[in-house]
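S.K.:
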Amino acid sequence: MTIAATPVKLDSEALTLKSTSLWQITWHRLFRRKSSIVGMIILAILVTIALTAQWIAPYSPTLSMLDTKPPQDIQKRSSPCIYLLGCPQDQPQHIMGTDGNMRDEFSRMLYGARLSLMIGLSTVSFAIIIGTILGALAGYFGGWIDNLIMRVMDVLLAFPSLLLAIAIVTVLGPGLINALLAIGIVSIPAYARVMRASVLSVREMDFVSATRSLGGNTYEILFKCILPNALTPLIVQGTLGIASAILDAAALSFLGLGAQPPTPEWGSMLGAERNQVFTAPHLVFYPGLAIMLTVLSFNLIGDGLRDALDPRLVHVSS
Amino acid sequence: MTTYIIRRLLLSIPVLFGILFATFALARLIPGDPCRAMLGEKATKVVCDEFNHRHGLDKPIPVQFGVYVGEIARGDFGTSFRYSKPITELLKERLPITVELSFAALLVSIFIGIPLGVISAVRHNSWVDVVTMMWANVGVSMPVFWLGLMLAYVFALALKDTPFQLPPSGRLSAGITTTPFFETWGMQVKEGTFSFTIVDFLARMNILNAVLTADWKLFKDALIHLILPAFALSTIPMALIARMTRSAMLEVLGQDYIRTARAKGMGRRSVILKHAFRNALLPLATVIGLSLGGLLGGAVLTETVFNLSGVGRILYDGITARDYGIVQGFTVVIAMFFVLLNLIVDVSYAYLDPRIRLN
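Those protein sequence lines, which keep their order, are chains V and Z.
Sequential numbering of the first sequence, starting at 1, is according to this note's numbering.
Sequential numbering of the second sequence, starting at 1001, is according to this note's numbering.
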């Protein structure tokens, strides 16, 4: 009589899941979604361009072709001239043509990537820091502090965001830094709300009480116990926030309120040449396309992160 | 329901005060003295003293705020030095254009966004779904001003002399005039009265006026001028609505009562439209409400691109001319308008979902 040895089948997924961290899972899931991969590829290209702009740009972004030695024999707002596409070799190559001041549009586009990413990151970092602190205070202390902070947030939310940003920049005066500040201010409420909600849901949990009974002070409880639990929604909100910050900053620059010429910022490049759309469409097309792709990449990654970090979807393969 | 509306109304009072305080504070933060900011650099001392006295600017800050709130309550939103007109006058002229544009954009986004969302939910993971969602992702990332300029280029220049040619700017072609419907109808309304303001407001919306006066030539002309700006402005809300409809429908379609409805032999079409879609409407109401603010912000860009003399355009002109009166006045009005819209959305939300008003 033999006892058939039934092979014990291990639930391999459960085992591997146990040994992987949340970030590994997220990373893994992010790479399973085609749209997030597309977003990450676009972003990787943009970051590469931003980091290497000074080496790959054929000209300085603020150099007029009149000032080159010898001065180039071209018209301002000349159409793109690419050797590979049959542009005569005796003409200087300008992949995206030249702008109204005879600067090389391609070089300006490359440097624009740097500004665009800087704008997105800095405004969102500013808004996240202020928003997180305000939201944490409101959620943790409750009472009149909560009321005061959240009512101020309500007022900020009562304005359409772009309009409030416009009003703030009009008062502060046009300029890139002021535009960033304005966009930062109008995006604070989103993070404050996310943080407050997380604090409220975690505040009464046992591990928080435990920290408190062990003598942890408010700072420790807020930033060591509660903040890590609020990170997930903050990261998702932040990634999507970068997208809208870039879009709003471009809009402000387009209206002449943000980056001022000759700064190579896509929105202001587009705004400066918008009346030439019928005669030199390339000067409007490229900056706008670049803005769209940048915003798209952050939106795709943000959506991917939201799904990847959603605990309800742990065992659902998509 | 009434209690809910009253409670909601009371809740918006602090927000309104906050808005007034914020715009008041913004005006005080303008570098230099408020008089020269409002009346221009060349204002003389006599004029400034008179201005400061009239607006209580020679009094302490809390009193100034009181004067400001009083002025707003009386419907005085300040004056524009650039146009030398009260803001209210400019509003009466310009707001109808923006309302017409935003409304058209909202209609476009609803009538294209919702069907696309429903179809991509019903045919989940089909090519329709994939294409719609790709397009929706691009749509939410679209700079409105760029899309507007590109549409103008394609439809006014590239498609010139084809049946698809559309005008890239303005509201009407040269030579087309409008007669306010109340004049055609022979209505007796006295200028300056409240009812005149209302009918005049409506008459300034060209399309509505054309329908009311049965002037089809005007209707056609106004419509072809509105297509490009409305389409440009509608992209972002359209994409949001399509996405939201899709995810709401997907959630509802997985419910038990949908299976029950199918099991009892109900047709696929009526299950989708009657059982599923109605329950997916709720999140849609929120997304449409949230889009309204975006529409107002986007109107500034769209009107600038398409040269429409609406609220957004005047705000842009006010910014470039450093006309703080315009910026402050219009910001207050738009924010109050936005609060009102949110109120309407919340009330309709409560109407759609009894759980909200009973809580």
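Don't be surprised by glycine CBs; every beta carbon is placed ideally from N, CA and C.
Since this is a predicted model, take the numbers as computed values, not measurements.
1) Which of the three DSSP states, helix, strand or coil, is assigned to Lys-1042(Z)?
2) Does DSSP classify Phe-103(V) as helix, strand or coil?
3) Can you round the beta-carbon distance between Pro-1096(Z) and Phe-1201(Z) to whole angstroms, since I take them to be within the 8 angstroms contact cut?
4) Smallest Cα separation from Phe-1337(Z): which of Gly-1293(Z), Asp-1076(Z), Val-1287(Z), Asn-1052(Z)?
5) Assuming contact is defined by CB atoms lying nearer than 8 angstroms, are Arg-1262(Z) and Val-1252(Z) in contact in what I supplied?
6) Where does Pro-1062(Z) fall in DSSP's three states?
7) Near Gly-216(V), what residues of its chain come up, given a Cβ to Cβ distance below 8 angstroms and the 5 sequence neighbours on each side ignored?
8) Look at the Cβ atom of Ala-1276(Z), then the Cβ atom of Ile-1258(Z), and state whether they are nearer than 8 angstroms.
9) For a contact defined as C-beta to C-beta under 8 angstroms, what are the partners of Met-292(V) on chain Z?
10) How would you call Pro-1163(Z), buried or exposed, if buried means at least 16 neighbouring beta carbons within 10 angstroms?
11) Comparing C-alpha positions only, which one of Gly-1298(Z), Phe-1065(Z), Val-1347(Z) sits nearest to Ala-1232(Z)?
12) Counting contacts by CB-CB distance shorter than 8 angstroms, is Phe-1338(Z) in contact with chain V?
13) Got a sec: is the Cβ-Cβ distance from Met-1150(Z) to anything in chain V below 8 angstroms?
14) Going along chain Z, which residues have a C-beta under 7 angstroms from Asn-217(V)?
15) Spatial neighbours of Pro-262(V) within its chain, please: C-beta separation below 6 angstroms, excluding the five flanking residues on both sides.
16) Measuring CA to CA, which of Gln-89(V), Leu-115(V), Gln-75(V) is closest to Ala-259(V)?
17) Helix, strand or coil for His-1055(Z), going by three-state DSSP, please let me know.
18) Along chain V, which residues have their Cβ under 8 angstroms away from the Cβ of Ile-1019(Z)?
19) According to DSSP, is Ser-78(V) part of a helix, a strand, or is it coil?
20) Please check if any C-beta of chain B sits within less than 8 angstroms of the C-beta of Gly-258(V).
21) Can you list, in chain order, the residues of the stretch 1319-1336 of chain Z whose Cβ is nearer than 9 angstroms to any Cβ on chain V?
22) Could you check if Ser-1080(Z) is buried or exposed, using at least 16 other CB atoms within 10 Å of its CB as the buried criterion?
23) For Ala-138(V), would you say it is in contact with chain Z, using Cβ-to-Cβ distances shorter than 8 angstroms as the test?
24) What residues from chain V crowd round Ala-1121(Z), counting only those whose CB sits closer than 7 angstroms?
25) Can you give me the start and stop residues for the alpha helix (DSSP H) that Thr-1220(Z) sits inside?
26) Spell out the partners DSSP gives Pro-1086(Z) in its beta bridges.
27) Throw me the rounded Cβ distance for the Ile-1119(Z) and Leu-257(V) pair, which I believe falls under 8 angstroms.
28) Helix, strand or coil: which one does DSSP assign to Thr-1286(Z)?
29) Looking only at DSSP bridge pairs, what is Thr-98(V) linked to?
30) For Ser-317(V), is the classification buried or exposed, using 16 other Cβ atoms within 10 angstroms of its Cβ as the cut-off for buried?
31) Closest to Ser-1309(Z) by CA distance: which of Asn-1125(Z), Val-1108(Z), Glu-1100(Z) is it?
32) Taking buried to mean at least 16 other C-beta atoms within 10 Å of its own C-beta, is Leu-1020(Z) buried or exposed?
33) Return the first residue and the last residue of the alpha helix (DSSP H) that Tyr-1153(Z) is part of.
34) Can you look up Ala-1350(Z) in the DSSP assignment and give me helix, strand or coil?
35) From this set, Asp-303(V), Leu-309(V), Asp-310(V), which residue's C-alpha is nearest Lys-34(V)'s C-alpha?
36) What are the start and end residues of the alpha helix (DSSP H) that includes Lys-34(V)?
M.R.: On the basis of the coordinates in this document:
1) Position 42 of the second sequence, counted from the start, is the residue given in the question as residue 1042(Z). Coil, per DSSP.
2) In the first sequence, the residue the question calls residue 103(V) occupies position 103. Going by the sequence as given, residue 103(V) is Arg instead of Phe. Here Arg-103(V) sits in strand by DSSP.
3) Within the second sequence, residue 1096(Z) is the residue found at index 96, counting from 1. Within the second sequence, residue 1201(Z) is the residue found at index 201, counting from 1. Contact holds; Cβ gap of about 5 angstroms.
4) The residue given as residue 1337(Z) occupies position 337 in the second sequence. Nearest option by C-alpha distance: Gly-1293(Z).
5) By 1-based counting over the second sequence, the position of residue 1262(Z) is 262. By 1-based counting over the second sequence, the position of residue 1252(Z) is 252. Not in contact: Arg-1262(Z) and Val-1252(Z) (Cβ atoms no closer than 8 angstroms).
6) Numbered from its first residue, the second sequence carries residue 1062(Z) at position 62. Helix, per DSSP.
7) Within the first sequence, numbered from 1, the residue matching residue 216(V) stands at position 216. Counting only Cβ-Cβ distances below 8 angstroms, and skipping sequence neighbours, we find Lys-224, Cys-225.
8) The residue labelled residue 1276(Z) in the question sits at position 276 within the second sequence. The residue labelled residue 1258(Z) in the question sits at position 258 within the second sequence. For Ala-1276(Z) and Ile-1258(Z), yes; Cβs fall inside 8 angstroms.
9) Along the first sequence, one-based indexing puts residue 292(V) at 292. Within 8 angstroms Cβ-Cβ: Val-1138, Ser-1141, Met-1142, Pro-1143, Trp-1146.
10) Here residue 1163(Z) corresponds to residue number 163 of the second sequence, with the count starting at 1. Under this definition Pro-1163(Z) is an exposed residue.
11) Locating residue 1232(Z) in the second sequence gives position 232, counting from the first residue. The option with the nearest alpha carbon to Ala-1232(Z) is Gly-1298(Z).
12) The sequence position of residue 1338(Z) within the second sequence is 338, counting from 1. Yes, Phe-1338(Z) counts as interfacial toward chain V.
13) As a working mapping, residue 1150(Z) is identified with position 150 in the second sequence. Taking Cβ atoms only, chain V reaches closer than 8 angstroms to Met-1150(Z), which makes this a yes.
14) Numbered from 1 along the first sequence, position 217 holds the residue referred to as residue 217(V). Going along chain Z, no residue has its Cβ under 7 angstroms from Asn-217(V), so there is no contact; the nearest lies around 33 angstroms.
15) Mapped onto the first sequence, residue 262(V) falls at position 262. Answer for Pro-262(V): Thr-62, listed in chain order.
16) Taking the first sequence and counting its residues from 1, one reaches residue 259(V) at position 259. Comparing Cα-Cα distances from Ala-259(V) to each of Gln-89(V), Leu-115(V), Gln-75(V), the minimum goes to Leu-115(V).
17) The sequence position of residue 1055(Z) within the second sequence is 55, counting from 1. Coil at His-1055(Z), not helix or strand.
18) For this step, residue 1019(Z) is matched to residue 19 along the second sequence. Correct list: Val-155, Ala-158, Phe-159.
19) Walking along the first sequence from the start, residue 78(V) turns up at place 78. Looking at Ser-78(V) - three-state DSSP - the assignment turns out to be coil, as it is neither helix nor strand.
20) The structure shown has no chain B; the protein chains it does contain are V and Z.
21) Ile-1319, Thr-1320, Arg-1322, Tyr-1324, Val-1327, Gln-1328, Phe-1330, Thr-1331, Ile-1334, Ala-1335, Met-1336
22) To locate residue 1080(Z), count along the second sequence from 1; it is residue 80. With 16 or more Cβ atoms within 10 Å of its Cβ, Ser-1080(Z) is classed as buried.
23) Reading the first sequence from its first residue, position 138 is the one you call residue 138(V). For Ala-138(V), the answer is no, since every Cβ of chain Z falls outside 8 angstroms of its Cβ.
24) Looking up residue 1121(Z) in the second sequence gives position 121. Within 7 angstroms Cβ-Cβ: nothing; Ala-1121(Z) doesn't reach chain V, min ~16 angstroms.
25) For the purposes of this step, residue 1220(Z) is taken as the residue at position 220 of the second sequence. In the sequence under discussion, the amino acid at residue 1220(Z) is Lys, which differs from the Thr named in the question. Counting along the chain, the alpha helix (DSSP H) containing Lys-1220(Z) begins and ends at 1216-1253.
26) What you label residue 1086(Z) is simply residue 86 of the second sequence in a count that begins at 1. According to DSSP, which records beta bridges pairwise, Pro-1086(Z) is partnered with Thr-1079(Z).
27) Taking the second sequence and counting its residues from 1, the one referred to as residue 1119(Z) is at position 119. Taking the first sequence and counting its residues from 1, the one referred to as residue 257(V) is at position 257. Ile-1119(Z) to Leu-257(V), Cβ: 40 angstroms. No contact.
28) The residue given as residue 1286(Z) occupies position 286 in the second sequence. It is helical.
29) Counted from its first residue, the first sequence places residue 98(V) at position 98. Asp-104(V).
30) Taking the first residue of the first sequence as position 1, residue 317(V) is located at position 317. Here the model assigns Ser-317(V) a pLDDT of 39, short of 50, so the residue's position is not dependable, and the following value carries that caveat. Ser-317(V) should be labelled exposed.
31) The residue you call residue 1309(Z) lines up with position 309 of the second sequence. Checking every option, the nearest Cα to that of Ser-1309(Z) belongs to Glu-1100(Z).
32) Translated into positions along the second sequence, residue 1020(Z) becomes position 20. Result: buried.
33) Residue numbering aside, residue 1153(Z) sits at position 153 when the second sequence is read from its first letter. Counting along the chain, Tyr-1153(Z) falls outside any alpha helix (DSSP H), and DSSP gives it neither H nor E.
34) Numbered from 1 along the second sequence, position 350 holds the residue referred to as residue 1350(Z). Looking at Ala-1350(Z) - three-state DSSP - the assignment turns out to be helix.
35) Here residue 34(V) is taken as the residue at index 34 of the first sequence, counted from 1. Comparing Cα positions, the closest option is Asp-303(V).
36) Walking along the first sequence from the start, residue 34(V) turns up at place 34. Here the alpha helix (DSSP H) through Lys-34(V) covers 34-56.
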